[in-house]
Amino acid sequence: MNPSSFSDYEELLQQVANEISVPDRIINLWGEKQPENNCYILLYLCQALLKIRDKKIQIINPFKETDTVSDSYNRAVSAIAKTVNIECNKLYIKTLIYENDSSLFNEIWEEIHSQEEICEIKYQNKLRYIRKLKENKRNTENQGKSLLRENGVYIITGGAGKIGTIIAYYLAKKYHASLVLVGRTKNNNFIEKKISRIAELGVSVQYLSADVTNIEDVKRVVLKTKNQFHKINGIIQCAGIIKDSYISNKKIQDFKQVIDVKVKGTLNMDKVTKNENLDFMAYFSSVSAVTGNVGQIDYSYANSFMDNFAEYRNKRVRKRSVQERQFQLTGLFGKMVGWSYLITF
Numbered sequence: 075m076n077p078s079s080f081s082d083y084e085e086l087l088q089q090v091a092n093e094i095s096v097p098d099r100i101i102n103l104w105g106e107k108q109p110e111n112n113c114y115i116l117l118y119l120c121q122a123l124l125k126i127r128d129k130k131i132q133i134i135n136p137f138k139e140t141d142t143v144s145d146s147y148n149r150a151v152s153a154i155a156k157t158v159n160i161e162c163n164k165l166y167i168k169t170l171i172y173e174n175d176s177s178l179f180n181e182i183w184e185e186i187h188s189q190e191e192i193c194e195i196k197y198q199n200k201l202r203y204i205r206k207l208k209e210n211k212r213n214t215e216n217q218g219k220s221l222l223r224e225n226g227v228y229i230i231t232g233g234a235g236k237i238g239t240i241i242a243y244y245l246a247k248k249y250h251a252s253l254v255l256v257g258r259t260k261n262n263n264f265i266e267k268k269i270s271r272i273a274e275l276g277v278s279v280q281y282l283s284a285d286v287t288n289i290e291d292v293k294r295v296v297l298k299t300k301n302q303f304h305k306i307n308g309i310i311q312c313a314g315i316i317k318d319s320y321i322s323n324k325k326i327q328d329f330k331q332v333i334d335v336k337v338k339g340t341l342n343m344d345k346v347t348k349n350e351n352l353d354f355m356a357y358f359s360s361v362s363a364v365t366g367n368v369g370q371i372d373y374s375y376a377n378s379f380m381d382n383f384a385e386y387r388n389k390r391v392r393k394r395s396v397q398e399r400q401f402q403l404t405g406l407f408g409k410m411v412g413w414s415y416l417i418t419f
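Under this note's numbering, think of the first position of the sequence shown as 75, with each following residue one higher.
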């Protein structure tokens, strides 16, 4: 069957149901071989299962850590799992990180028979670990020197959106920063009013229409910024779209668009700026990456990818991923600007 064909999933599952029975458990081994496509595999699988379900079905998604970008894709599946587990009481997805091929069968066998409904499991040194959230009690009062510079030059993707505009205004007022705001929308009177309000603070600010999922557009933005300001001190990625709908109704084109803005946008900006001497690159994420959220299987996955990619890149260059709260945004920005709130290192 073709893993990228929804009709193939429907046909396979219907045939199995007719000839044997609806499966109790499914082990997805395709995902590890095609990590960048695993989100689509799981969406199709879940949608097909929802059409024939008559009992609770468990999906186990095993993968081995590789210390490559593949880990970012694979770990982000946990956000899909959490959203599925919230939305669908007849489906349950579990991610399983394994260490050795020789022990994988036994570890899968243990998870198949486990009564625990835990989304994220890791086997290491023959021990079983469960991922849990823990309160961060680290003292954030003295975090060292701010990475923000007086008269710095900053690119903000999603810069004409609500979050991007607030950040831009803050950087202009507090640091007299030069700003390049980037967005998919063509420049218009509404955007010009935002630009003018920021420019009144006496800073250089411009808006560039560009699609972060198109690497040529990203190259153009970076080149134009360097030609004008001769440097780039930091990049703040706020680009993102939401097209909420239940998994059973999720359209593949919407699913792909939501994911691409975050995933391709992150990878494209990282690739284009790999030789730049940046002070930081900050990614605006969402709490849905950690908890999952109804209607947001795509948005949760995309933000989780971004969080995990930031962690992966931290091993080489310091990046930051800020997980935005869904409520009390004004209160968040007061803390976020000190780079000390809900940040993964």
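All residues carry an ideal CB built from backbone N, CA and C; glycine is no exception. What you are looking at is a predicted structure, and each value in this text was computed from that prediction instead of being measured.
- DSSP places Arg390 outside both helix and strand once states are collapsed to three, so it counts as coil.
- Tyr320 is classed as exposed because its beta carbon has fewer than 16 other beta carbons within 10 Å across all chains shown.
- DSSP places Ile272 inside the alpha helix (DSSP H), whose first and last residues are 263-273.
- Check the Cα spacing between Arg258 and each of Lys107, Ile100, Val295: the tightest is with Val295.
- In the structure shown, Ser95 falls within a coil segment according to DSSP collapsed to helix, strand and coil.
- Asp98 counts as exposed, since fewer than 16 other beta carbons sit within 10 angstroms of its beta carbon.
- Taking 8 angstroms as the upper bound for CB-CB distance, Leu282 and Val254 are in contact here, some 6 angstroms apart.
- Taken through DSSP and simplified to helix, strand or coil, Ala284 comes out as coil.
- Looking at the backbone, the Cα of Ala376 and that of Tyr357 are separated by about 12 angstroms.
- Following the DSSP letters along the chain, one finds Gln108 in no beta strand (DSSP E), marked with neither H nor E.
- Around the C-beta of Gln370, 16 or more other C-beta atoms lie within 10 Å, and the residue is accordingly described as buried.
- For Lys338, the three-state secondary structure derived from DSSP is helix.
- In the displayed model, Gln121 falls within a helix according to three-state DSSP.
- Bounds of any beta strand (DSSP E) do not take in Tyr243; it lies within the alpha helix (DSSP H) bounded by 236-249.
- Ranked by Cα distance from Ser79, the first of Asn112, Ile94, Ile315 is Asn112.
- Beta-carbon to beta-carbon, Ala242 and Ile229 are separated by about 10 angstroms, too far to satisfy the 8 angstroms threshold.
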